[in-house]
Amino acid sequence: MERRQKSETPKQQVRQKNQTDLSAWRKGKKSDPEKSVQSRQSPNDQEDESKQDSLEEALSYFDKVQDRVSLKKNSALQKHLTTVESIALEKGLPPEGFNVLLKVALSAKLADTVNTRLLKSLVPASVIPEDSVVSSVSLLCASKCSASTQLLFLKWLITMFDFIDHKEKLHALYGFFFYFLQDEKMCPYVCHVLYLLTRKESVKPFRVRKLLDLQAKMGMQSHLQALLSLYKLFCPELVTIALPGKMKTYFKNSEGPWKAAINAMRQRNQENSPVLKPLALGTAQPQSRKRKWNTQVHIPASSANRSNLEEDREDKLVNLYSVDEFFPVEQLQTFPQLLQNIHRLEFPSQMGSVLTNPLLLHYMNYIKDESIYLRLYYWMGQTLQEECTWCVVENSQYEEEFKDFLETVYKAESFLQEGFSSCEEFLYKSLPLWDGSCCRTQVLSLVSWIPLSTFSEMKSHLYDPLAQLFFTSSFYFKCSVLESLKELLQNWLNWHVSHLDPESDSQAQSSNTTLSGLVNTVAELIHFVGKISTVALRLENNPTFMLYFILDFYETVCDMYLKYNLPLLIMPPAGIFYPALLSMDSVNLNQLCYIMYRYRTNLVAAKENELSKKKLLQFKFSSQTYQEYNQYIVAMVGCLWTSSAFQKDTHPQGLRMDDELLKKMAVQDLKSSFNIVYHPAMMGYAVLFLQEAWPDDTSFNFSLIKGKRWNRYLEFLYSQGLKGLKVFIESSINRVSQASHSKAENVQV
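Numbering (the numbering used here), first residue to last: 88 to 836.
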């Protein structure tokens with residue numbers, strides 16, 4: 088059998104292979120005679136048969152074209168061209184069709200109009216064979232086709248790059264592509280192709296000199312800057328010129344002619360092809376490659392190449408584990424594989440596939456290669472800009488897909504515990520145009536991972552547009568924004584803890600400027616949240632639900648000094664503190680008590696460090712912070728314990744009132760209205776305590792809770808889960824604090 092196959096001519100082999108593979112491409116495989124009879128009776132299957140036969144006939148026609156044929160005078164050409172276009176747009180072309188169609192389109196046998204239509208119809212049903220692309224590049228080098236056809240082919244190659252089943256032979260053609268840089272019209276697209284193909288070994292001194300010469304000739308072009316930036320990351324010693332560090336859109340979108348067809352195909356296949364994979368370590372093969380962001384790193388072989396792959400695996404088994412060989416990312420399936428081959432792993436040319444592969448995200452976290460981040464940021468920034476549903480009107484129908492993409496980016500950021508600068512730029516550009524409704528959850532999730540920036544940038548690009556949306560949107564949107572800003576603060580603080588070693592004297596001194604910038608940026612974020620929260624509480628009439636999100640934010644703020652080693656403490660504004668103190672919900676009051684307890688703990692620790700001179704960094708808390716804390720404590724103790732808040736609260740926006748004004752109110756027991764018995768948030772607990780202590784008494788006489796019963800009432804409150812109230816009272820009220828200490832000593836004895 089093998090001898091018979093080898094004796095056949097190459098053309099016969101190709102024709103047999105094409106016929107076999109095209110038959111397999113049919114929607115129904117008819118090996119069972121009974122099923123064949125049933126299939127013939129189905130109109131849909133008969134239509135598929137007819138289309139398949141038409142496509143085979145069309146491919147055979149284009150394969151045999153020898154002389155230049157005019158489109159107007161040839162009905163056969165018109166018929167076969169229409170067949171290819173209709174089938175390509177409806178279900179995509181099989182892998183075997185690309186070799187024929189690319190060859191005829193780039194060989195100048197047909198008119199440019201026909202070549203253009205053929206190239207625009209090259210939409211894959213699955214993958215594109217690498218050999219077909221390599222053959223096309225050889226025709227490109229022969230300069231037979233027109234300049235417009237060459238440009239269209241490069242655009243097609245960029246758009247379909249992720250559908251090519253292998254890339255090794257394409258990498259070998261790096262020099263051929265580099266030669267075309269001298270063509271001014273082709274240069275932007277060639278740079279884009281080279282950007283996708285560049286490896287470290289691709290960077291040579293003569294290529295750097297050529298790019299610098301082109302830059303001197305053409306000026307600072309974005310496509311040249313992109314390639315030079317990548318070269319500089321791989322070999323900084325070869326590219327010594329200064330390049331702008333700010334991320335920007337390097338290349339123009341080239342997906343135009345094929346994008347609609349790919350989107351239509353993706354929508355038809357969406358039910359059978361799940362678009363996203365969870366970020367969890369596993370060995371399952373990905374099932375969809377319809378869009379660049381929908382793919383894990385899996386480069387499937389076409390049916391024409393599968394047999395060759397099986398043979399090559401045996402031949403390359405020894406070379407695969409050689410130190411000099413790269414480990415193919417499509418074979419990376421388990422974490423042990425990652426550990427064994429981490430020094431030989433190469434990232435895919437299309438960086439978007441990294442987002443849904445946790446193994447490669449682990450690798451990114453480990454190696455910290457700037458070139459990888461640069462390529463990923465470029466791709467992500469380009470995709471976010473082109474697919475944003477509220478910035479590009481034509482993409483509004485793909486809101487769900489864009490939402491899924493944003494969700495994938497957010498999961499990758501959470502996995503890496505690091506925000507992407509391209510997402511930051513996307514948010515800065517798109518937030519002023521955002522309506523606050525489209526993809527709300529995903530956008531606010533991305534906000535929580537914005538990297539640390541200077542306040543001037545964040546104020547104009549983030550805080551101002553976010554504040555406009557905040558004040559003009561719904562109650563629940565306000566709560567979502569507060570939650571997102573709390574997560575943003577948490578991520579910044581976690582970054583600070585992981586990047587700075589407080590025990591290292593030299594590092595502390597060298598990072599003093601960086602720490603100062605961090606303190607200022609964090610302080611501005613806290614002040615911003617304080618301002619919008621104060622206004623929101625007034626607009627919404629102090630809702631309990633919103634107050635919970637605000638206090639949750641300040642629960643992080645109150646512990647920054649001890650928990651995150653950041654020399655910064657900022658008290659909440661009076662517009663937040665007093666609504667929480669007078670809240671009618673016990674959850675908010677209990678949370679406020681815990682926050683004030685942690686403020687006290689942090690301030691005491693800061694004072695002790697300052698007095699003992701243990702603190703190396705030259706940061707001191709303002710005396711205003713201590714003064715404001717003391718004013719709040721006086722108000723809280725006066726309300727909850729001593730019933731003297733109206734007389735002793737010294738805060739300018741506090742509860743202090745003149746005695747004459749208090750008398751005019753004519754309210755019974757006015758002074759004790761907000762203690763732990765009469766407080767609106769605590770009155771329910773007082774009723775429960777009275778029912779438990781005097782089950783037969785229905786008068787609910789709160790004045791009975793005094794003396795020893797007061798202490799019993801405290802224990803009752805603690806048993807109800809009010810731990811924040813417990814730690815606050817025991818730390819801020821001397822009598823209770825001394826009693827708890829003496830009780831603890833008696834237990835120890």
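All residues carry an ideal CB built from backbone N, CA and C; glycine is no exception.
Just so we're clear, the structure is a prediction, and the values are computed from it rather than from any experiment.
Reference residue i; option with closest CA among the options
i: P660; options: G808, L638 and S759; result: L638
i: A692; options: W728, Q734, I663 and L649; result: L649
i: E646; options: L576, L283, L668 and V152; result: The question names Glu, yet the displayed sequence has Asp at residue 646. Selected option, being the one with the closest Cα: L576.
i: D672; options: G604, P767 and T608; result: P767
i: S567; options: P216, A623, V220 and L314; result: A623
i: N578; options: F640, V674, S560 and F789; result: F640
i: F414; options: G439, L447, R799 and T443; result: L447
i: Y453; options: L189, H430 and L612; result: H430
i: S508; options: S535, W345, N629 and W521; result: S535
i: I657; options: L442, F815, L549 and I682; result: I682
i: Y563; options: L520, T621, K498 and P630; result: P630
i: S561; options: E544, H586 and D522; result: D522
Beta-bridge partners of residue i, as assigned by DSSP
i: I251; result: I215
Secondary structure of residue i, DSSP reduced to three states
i: F414; result: strand
i: L580; result: helix
i: L432; result: strand
i: L518; result: helix
i: L180; result: strand
i: L298; result: helix
i: L164; result: helix
i: L624; result: helix
i: L197; result: strand
i: Y772; result: helix
i: H586; result: helix
i: I174; result: helix
i: M671; result: coil
i: T785; result: coil
i: M467; result: helix
i: V326; result: coil
i: T631; result: helix
i: R799; result: helix
i: Q807; result: coil
i: S271; result: One detail in the question is off: residue 271 reads as Glu in this sequence, not Ser. The answer is coil: DSSP assigns E271 none of H, G, I, E or B.
i: W380; result: Note that W380 scores 37 on pLDDT, short of 50, meaning its location in the model is unreliable and no value can be drawn from it.
i: Q420; result: coil
i: A229; result: coil
i: V721; result: helix
i: M761; result: According to the sequence shown, residue 761 is Phe rather than Met. It is coil, neither helix nor strand.
i: G439; result: helix
i: K190; result: helix
i: V496; result: helix
Straight-line Cα distance separating residue j from residue i
i: V496; j: L426; result: 25 Å
i: K573; j: F489; result: 25 Å
i: S147; j: C526; result: 48 Å
i: E324; j: R462; result: 20 Å
i: K455; j: V724; result: 52 Å
i: H738; j: Y465; result: 52 Å
i: K546; j: S517; result: 15 Å
i: I537; j: L569; result: 15 Å
i: L812; j: L676; result: 8 Å
i: Y665; j: N689; result: 21 Å
i: T608; j: H614; result: 10 Å
i: R294; j: C322; result: 12 Å
i: W781; j: L503; result: 58 Å
i: S409; j: S289; result: Caution applies to S409, whose pLDDT of 37 falls short of 50 and renders its modelled position unreliable; the value that the coordinates give is listed next. Rounded to the nearest angstrom, the two C-alpha atoms are 20 Å apart.
Rounded Cβ spacing between residue i and residue j (contact assumed at less than 8 Å)
i: L193; j: L244; result: That pair is no contact at about 11 Å.
i: L238; j: K272; result: 7 Å
i: A175; j: K231; result: Not a contact, Cβ separation roughly 23 Å.
i: E494; j: Q472; result: Not confirmed; about 18 Å, so no contact.
i: W728; j: I820; result: 6 Å
i: K758; j: S730; result: 5 Å
i: D745; j: V721; result: D745 to V721, Cβ: 18 Å. No contact.
i: S208; j: V171; result: 5 Å
i: I349; j: V210; result: 6 Å
i: L268; j: K297; result: 7 Å
i: L539; j: L514; result: Actually they are not in contact, since the Cβ atoms of L539 and L514 sit about 14 Å apart, beyond 8 Å.
Beta carbon proximity, residue i to chain C, threshold 8 Å
i: H586; result: Absence of chain C from the displayed structure is noted, only one protein chain being present.
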